[in-house]
Amino acid sequence: MVRRRDVVVGVQLCAAALALLLAGPAEGRAQDASVRAFLTPSGQVGVGRAFVINVEILGAQSVDREPSLPDLSEFARYLSSNTQSSVSMVNGRTTVSLTIQYRYQALTEGAFRIPAFEVEAAGGTFTTDPIDLVVTAAAPGEPDPASGLAPTDLFITAEPSATTVREGQPFLVEYRIWTRVDVTNFGVTDVPEPEGFWVEDLTPAGQPEVEQRVRDGVQYATALIRRVALVPTGAGERTIEPIGIEAQVRVRRGQDPFQDFFGRSSLFGTTIVPTTVRAEPLTIDVRPLPTPRPEPFSGLVGRLEVEAALDRDSVDANEAVTLTVRMSGEGNIRTLPAPELELPSDFEAFPPEVSESLRAVEGGLAGSKTFEYVLIPRAPGRREIPSVDVAYFDRASGTYRTATTGPIGLTVSGEVMDGPAALGRGGVSLLREDIRFIRLGALELRRTSGGSVFGGAGFWLLLLLPMAAMAGAVALRRHQDLLAGDVGYARGRKAGRVARKRLAEARRLGEADDARAFYAEVARAVRGLVADRMNLAEAGLQTADVEAALASSGVDEETRAEVRRCLEHCDRGRFAPPGADSEERSRFVERVTELMTALERGIR
């Protein structure tokens, strides 16, 4: 029979042992920890495929400092990062571990070596071994080893409205996502700037509309994710680099249901895996415009109509009249220059007010551009505003043409005036005499009435001031009690101040050109603000967790999307090679400041 005293002694000994373990020196904890780095998939990956660098720390659940990533831009592109922690117990021994995963996309064939990682954890500094990686040409139809998806399961297409165009001729490129698997979430991660093109983004606002289509005899779910109009600025063969997306895909893992159930799965037998896909590059043949070109030439390639009108047919001299010139048609209307007006010498003209509208049409762009001029005729008589002529290249006929308005007549009446009427010189007239002279000497103040002092405002102020002070003291004491006893209330009240302090530190790091630390601190500011306002644990809070928490709190979709974009931008800035300058980082801080203001208003 176990005696009560033995149980008490046993419990005390266990508590003492646990206290000694937790209070042990940092050197002891560092000796128990170990770090290794490995690849998924191991050793080899195809071009365009994703691979994961895993940095595993055994014996710790956090790092003292974020590891610095090596520059892999020679053969790979950084995508995202993730952190996983675990606790296991085997034969009574508890083991903790932390795994930091860095996702990359292989870009170049060859054999490469990933340098060692230096990790600070458990009070010590550890160095991993270098990792060798071979990037091969991806075989057609070969599944991605990191996700198990075949190229035909999920892909992007770039569909141009034309592959042979004239210099200055707009054409459309539509990017579509095609999938046969369950895509739970995706985002465009890479949008290269096309070289040699003027770009107009025409992507529809809001969520992409999903529809069912058959492609190569296979049923797909597809959605338009990006539409742009491109206008070539020079002749020659041009290459449009592809865009890329990162997607979260639900796949079935049938080999080990227990691993799925206790692992990452959200449904029995399935798991969410990240993957990346890129569209194929496009080659566009841009042909030059024929010579000679008319002078002046507007640069428009397409179709154009020009209209001009005055807001009235007659006007007095030195009065304003408005001339409206409207250009409409197909082509890059936005870049049309203001027309050159040949006005009578006695007209004064002011710079025009410009308005424009642009829309996508089949195969290109269409729209209108309006110029409103204010004209002031200075002399009377019958005046004529010459025709407005605009030269353009008609794509249908393959020739240069001129759109014209014809002359416009205007009758100016009144007398000739070189300028505003002169003001006559006159004497100063006395208007009023009811203001007394200001007394300059010292004044003696005295009471003018015998009214009671108890009816004055000062009396009531002195009477109510102590009561107001007492009410304020009670409210302050209640606020202090809440801060001391309610952790959630205290975190919520201090959230904005803490976040702005972190953002100020990030600004200092940005000015010191410490890009990785800058982006890490900005991410801490955003995640910390959400965690503090909603009383969540900040450690291990992922972007998806932040979005879900904001959605449950009623934050609007646009603000949630901006949070995701900012955190993804921080991830790219932390782990990608340095490229942004201090001015760009300063603009990003201003953007995050506006975002935090929106979050403070939106989180309920």
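Read left to right, the sequence shown gives residues 0 to 603 (numbering that gives the first Met the number 0). Note that the Cβ used here is the ideal one computed from N, Cα and C, for glycine as well.
#1: Would you identify the three-state DSSP class for residue 158, choosing helix, strand or coil?
#2: Does the region 116-129 touch the region 49-68, meaning 3 or more C-beta pairs lie closer than 8 Å?
#3: How about the region 528-539 and the region 565-573: do they share at least three Cβ pairs that are nearer than 8 Å?
#4: From this set, 132, 344 and 588, which residue's C-alpha is nearest residue 105's C-alpha?
#5: Given this structure, state the Cα-to-Cα distance separating residue 484 from residue 490, to the nearest angstrom.
#6: List the DSSP bridge partners of residue 273.
#7: Is it a yes or a no for the region 83-97 touching the region 543-559, going by three-plus beta-carbon pairs under 8 Å?
#8: For residue 282, name the three-state secondary structure that DSSP assigns.
#9: In whole angstroms, what is the alpha-carbon distance linking residue 389 and residue 49?
#10: Quick check on the burial criterion: 16 or more other C-beta atoms within 10 angstroms. Buried or exposed for residue 336?
#11: Tell me where the beta strand (DSSP E) around residue 185 begins and ends.
#12: With residue 585 as the anchor, note down where its alpha helix (DSSP H) starts and where it stops.
#13: Cβ atoms of residue 554 and residue 527: under 8 Å apart, would you say?
#14: Identify, in the order they occur along the chain, each residue of the same chain with its Cβ nearer than 6 Å to the Cβ of residue 176, setting aside the five sequence neighbours on each side.
#15: When the Cα atoms are used, what is the spatial distance from residue 226 to residue 237?
#16: Let me check one thing: in DSSP terms, what residues is residue 502 bridge-paired to?
#17: For residue 466, count the other beta carbons within 10 Å of its own beta carbon; 16 or more makes it buried, fewer makes it exposed. Which is it?
#18: Could you round the C-beta distance between residue 379 and residue 347 to whole angstroms and report it? I think they count as a contact, below 8 Å.
#19: Determine the extent of the beta strand (DSSP E) in which residue 364 is found, giving its start and end residues.
#20: Do you know how far the Cα of residue 345 is from the Cα of residue 158?
#21: Whole angstroms is fine: what's the gap from residue 162's alpha carbon to residue 126's?
#22: Determine, using beta carbons only, whether residue 407 and residue 340 come nearer to each other than 8 Å.
#23: For residue 530, is the classification buried or exposed, using 16 other Cβ atoms within 10 angstroms of its Cβ as the cut-off for buried?
#24: Using only alpha-carbon positions, find the residue among 212, 391, 333 and 278 that is nearest to residue 288.
#25: Would DSSP call residue 226 helix, strand or coil?
According to the data block:
#1: Note: residue 158 maps to strand in three-state DSSP.
#2: Three or more beta-carbon pairs drawn from the region 49-68 and the region 116-129 are found closer than 8 Å, and the two stretches are therefore classed as touching.
#3: With a cut-off of 8 Å, the region 565-573 and the region 528-539 do not count as touching, because too few Cβ pairs lie within range.
#4: Distances from the alpha-carbon of residue 105 to those of 132, 344 and 588 put 132 closest.
#5: Note that residue 484 has pLDDT 48, beneath the 50 cutoff, so the model's placement of it is unreliable and no number is given.
#6: DSSP output for residue 273 lists 247 as bridge partner(s).
#7: Counting Cβ pairs under 8 Å, fewer than three are found: no touch.
#8: Here residue 282 sits in strand by DSSP.
#9: When only Cα atoms are considered, residue 389 and residue 49 end up about 52 Å apart.
#10: Residue 336 comes out exposed.
#11: Residue range 181-189 is occupied by the beta strand (DSSP E) that includes residue 185.
#12: Under the DSSP assignment, residue 585 falls in the alpha helix (DSSP H) whose first and last residues are 581-601.
#13: In this structure, residue 554 does not lie closer than 8 Å to residue 527 by Cβ.
#14: For residue 176, where only same-chain residues beyond five positions count, the Cβ hits under 6 Å are 155, 222 and 224.
#15: Cα atoms of residue 226 and residue 237: separation of roughly 18 Å, rounded to the nearest angstrom.
#16: Beta-bridge pairing links residue 502 to no other residue.
#17: Within a 10 Å sphere around the beta-carbon of residue 466 sit fewer than 16 other beta-carbons, which makes this residue exposed.
#18: Between residue 347 and residue 379 the Cβ distance is about 15 Å, and since that is not below 8 Å, they are no contact.
#19: Start and end: 363-376.
#20: Taking C-alpha positions only, residue 158 is separated from residue 345 by approximately 55 Å.
#21: Rounded to the nearest angstrom, the two C-alpha atoms are 52 Å apart.
#22: No, Cβ-Cβ distance for residue 407 and residue 340 is not below 8 Å.
#23: Residue 530 is buried by the Cβ-count criterion.
#24: Among 212, 391, 333 and 278, the Cα nearest to that of residue 288 belongs to 391.
#25: Reduced to three states, the DSSP call for residue 226 is strand.
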